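So the sequence shown is residues 6 to 330, counted in this note's numbering.
Backbone N, C-alpha and C define an ideal beta-carbon position, used for all residues, glycine too.
Bear in mind the structure is a predicted one, so any value in this text is a computation, not a measurement.
Remarks on the structure that follows.
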Amino acid sequence: MITTRIISTGACVPEQVITNDDLSKIVDTSDEWITQRTGIKRRHISAGENTSYFAINTARQVLERAEVSAEDVDLIIVASVTADYGTPSLACMVQKEIGAVNAVAFDVNAACSGFMFALSIADKYIKTGMYENAIVIGAETLSKIVDWKDRSTCVLFGDGSGGAYVEKSEDEGILKEELGAKGELWDILTQGYVGCSNAFNEEPLEKDNLWYVNMDGRAVFKFATKAVTKSIERVMESAGVKPEEIKYVVPHQANARIVDIISRKLGISNEKCYRNMAEYGNTSSASIPIVLNELNEKGLIERGDKLLLTGFGGGMTWGTMLISW
Numbered sequence: 006m007i008t009t010r011i012i013s014t015g016a017c018v019p020e021q022v023i024t025n026d027d028l029s030k031i032v033d034t035s036d037e038w039i040t041q042r043t044g045i046k047r048r049h050i051s052a053g054e055n056t057s058y059f060a061i062n063t064a065r066q067v068l069e070r071a072e073v074s075a076e077d078v079d080l081i082i083v084a085s086v087t088a089d090y091g092t093p094s095l096a097c098m099v100q101k102e103i104g105a106v107n108a109v110a111f112d113v114n115a116a117c118s119g120f121m122f123a124l125s126i127a128d129k130y131i132k133t134g135m136y137e138n139a140i141v142i143g144a145e146t147l148s149k150i151v152d153w154k155d156r157s158t159c160v161l162f163g164d165g166s167g168g169a170y171v172e173k174s175e176d177e178g179i180l181k182e183e184l185g186a187k188g189e190l191w192d193i194l195t196q197g198y199v200g201c202s203n204a205f206n207e208e209p210l211e212k213d214n215l216w217y218v219n220m221d222g223r224a225v226f227k228f229a230t231k232a233v234t235k236s237i238e239r240v241m242e243s244a245g246v247k248p249e250e251i252k253y254v255v256p257h258q259a260n261a262r263i264v265d266i267i268s269r270k271l272g273i274s275n276e277k278c279y280r281n282m283a284e285y286g287n288t289s290s291a292s293i294p295i296v297l298n299e300l301n302e303k304g305l306i307e308r309g310d311k312l313l314l315t316g317f318g319g320g321m322t323w324g325t326m327l328i329s330w
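Below is the structure:
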């Protein structure tokens, strides 16, 4: 049976680090307030680098580690809500810079679930035989869409990119998945509204307020703890996998309390629910691949280990995937 297997991982984050104490100098907050509510201590924030910079460097890294030539890449998919431009896509910019002249390239937007959706799409192309390999990346520069006067959101987010090179395999790889969306909740997490203002409709728009991230934190928290838990349960049941068989749960790094609740509801120990939001904050579509890369670089996972990747984001969307490393 043909499967899609992760061959290599990579990540790129800004060198500039902003601590909770740094934030307390520009908004009414404190290290204690942020840490208790989110588990976040630091975040890496762009010093001028845009999203393509992080995505390109991640792509170069995964290719080098996989020992694959860029000319042999079939597909490039980048998940992001903070691309450099409305068009071209980040994936096309990556394709040009790494020299992947034979690759199909496009972006997807599923907010913080973006990497899960992108990986799922790559999996389907590979399983149908259309392509044999892909570079899949989640990349964000969230610092450019955050209102730095809003303490309820500016303390949460960080910048960076993570990704993987995947290819056709006859060994175990992606085993089970579930993607979902609950569009009736679209308005609890929004950013970047573009109204119809043109030469024939000149009604002024309050663009500044609509450009920044706007979030109903309580509603997002409620959605995440319910939707993600149920999604993981369904995937594990479908795969016939028990909690003790899972080496690590790789959750979207939004909030430590969300991870705690999911862990408790599933009966999976906190130690298995890997988290690094204390260092990186919420990097949206980049968070899951950044964790994967950290696990890989630290030698915490071995071939054959079962991992549960799970994310949720604006839309509202969610995605869960059981993989054999």
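- DSSP places Ile-179 in the uninterrupted beta strand (DSSP E) bounded by 179-186.
- Note on Tyr-170: 16 or more other CB atoms within 10 angstroms of its CB, so buried under the neighbour-count rule.
- Nearest Cα to Ser-51 within the set Asn-298, Ala-16, Ile-31 and Glu-145: Glu-145.
- In its chain, beyond the 5 residues on either side, Leu-180, Lys-181 and Leu-327 have a beta carbon closer than 8 Å to the beta carbon of Ala-244.
- If you draw a straight line from the Cα of Gly-324 to the Cα of Gly-185, it is about 6 Å long.
- Around the beta carbon of Ser-118, a 10 Å sphere encloses 16 or more other beta carbons of the protein chains shown; the residue is thus reported as buried.
- Taking 8 Å as the cut-off, the Cβ atoms of Leu-297 and Val-255 count as close.
- Proximity to Ser-57 across Gly-309, Val-99 and Val-18 peaks at Val-99, based on C-alpha coordinates.
- Val-141 sits buried, since 16 or more C-beta atoms from the chains shown fall within 10 Å of its C-beta.
- In this structure, the straight-line span from the alpha carbon of Lys-247 to that of Arg-280 is close to 21 Å.
- Counting along the chain, the unbroken beta strand (DSSP E) around Trp-323 starts and ends at 322-329.
- Three or more pairs of CB atoms, one per stretch, sit closer than 8 Å, so the stretch 77-95 contacts the stretch 127-142.
- Pairwise C-beta distances place the stretch 100-114 out of contact with the stretch 34-53, as fewer than three of them are shorter than 8 Å.
- Beta-bridge analysis with DSSP links Gly-222 to no other residue.
- Proximity of the stretch 38-49 to the stretch 281-289 meets the contact definition, three or more beta-carbon pairs being nearer than 8 Å.
- A distance below 8 Å between beta-carbons, with the five flanking residues on each side excluded, links Asp-310 to the following residues of its chain, in chain order: Lys-252, Tyr-253, Ser-329 and Trp-330.
- Burial state of Met-282 is buried, judged by a 10 Å Cβ sphere holding 16 or more other Cβ atoms.
- Asp-164 sits in a strand when the DSSP states are folded into three classes.
- For Lys-129, the enclosing alpha helix (DSSP H) stretches over residues 119-132.
- Per DSSP, Ile-251 is one residue of the beta strand (DSSP E) stretching across 251-256.
- Scanning Glu-172, Lys-154 and Asp-155 for the CA closest to the CA of Tyr-130 turns up Glu-172.
- Note that the C-beta distance between Gln-66 and Cys-17 is below 8 Å.
- The C-beta separation of Asn-275 from Ser-268 comes to about 5 Å, placing the pair in contact by the 8 Å criterion.
- Secondary structure at Glu-307: coil, using DSSP grouped into helix, strand and coil.
- Asp-27 counts as exposed, since fewer than 16 other C-beta atoms from the protein chains shown sit within 10 angstroms of its C-beta.
- Burial is judged here by how many other beta carbons sit within 10 angstroms of a residue's own beta carbon; Cys-201 has fewer than 16 and is exposed.
- Taken in chain order, the complete beta strand (DSSP E) segments of 3 or more residues contained in the stretch 19-68 are 22-24 and 47-49.
- Taking Thr-87 as the centre and dropping the five residues before and after it, the same chain places the C-beta of Thr-56, Glu-145, Thr-146, Leu-147, Lys-149 and Ile-150 closer than 7 Å to its C-beta, in chain order.
- Asp-221 is the residue among Pro-19, Asp-221 and Ile-293 whose C-alpha sits nearest the C-alpha of Gly-320.
- Of the other Cβ atoms in all chains shown, fewer than 16 fall within 10 Å of the Cβ of Glu-242; this residue is therefore exposed.
- If you check the CB distance, Glu-177 and Arg-239 do not come in under 8 Å.
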